[in-house]
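Presented below is the structure to which this report refers.
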Amino acid sequence: MNIQHMMKQAQMLQKKMNDMQQQLENVEVIGTAGGGLVTCVATAKGVIKKVNINKDLMNPEEVEVLEDLICAAFSDARRKADELVNQSMSSLGLPPDMMQMMS
């Protein structure tokens, strides 16, 4: 394998990764907690777009429960986004954590 061929492959891989990153900005994941009482919509790149809270949770005496559910929904969305990124990286034949190394 010559150096020109390797450089061409590296450029093609870089383009595929850039394309994938752009696609991930538009893909949304939904994290849930409390059986769907709290949902969090985020992009696959981790940008939080929306939080929905069931009005039944709006009890001033149970603020800690609501806070815990919001955190759980965020965590669920992040986990789903990470899984999606890992699948995308694997489809390119790259290690799943390579996207994190490039950030």
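Position one of the sequence shown corresponds to residue 740 (the numbering used here), numbered consecutively onward.
Where is the CB? At the ideal position from N, CA and C, for every residue including glycine.
Here the structure is a predicted model, which means the values were calculated and not measured.
Reduced DSSP secondary structure (H/G/I, E/B, other) of residue i
i      : result
Cys774 : Sequence check: residue 774 is Gly here, not Cys. Reduced to three states, the DSSP call for Gly774 is helix.
Val824 : helix
Check whether residue i and residue j have beta carbons under 8 Å apart
i      : j      : result
Leu796 : Leu823 : no
Lys784 : Leu763 : yes
Leu831 : Met746 : no
Asn757 : Thr778 : no
Leu808 : Ala749 : no
Candidates the options: closest to residue i by CA position
i      : options                        : result
Thr782 : Phe813, Met745, Ile742         : Phe813
Gly774 : Ser829, Asn825, Gln750, Asn793 : Asn793
Ile787 : Asn798, Met828, Ala816, Gln761 : Ala816
Ser829 : Val780, Glu806, Leu752, Gln761 : Leu752
Ser827 : Glu806, Ala811, Lys755         : Lys755
- Taking the runs of the beta strand (DSSP E) that are 3 residues or longer, which of them lie wholly in the region 781-809? 787-792
- Cβ contact check for the region 798-813 and the region 749-767: 3 or more pairs under 8 Å: no
- Which residue spans inside the region 740-772 form an unbroken beta strand (DSSP E) run of at least 3? 767-772
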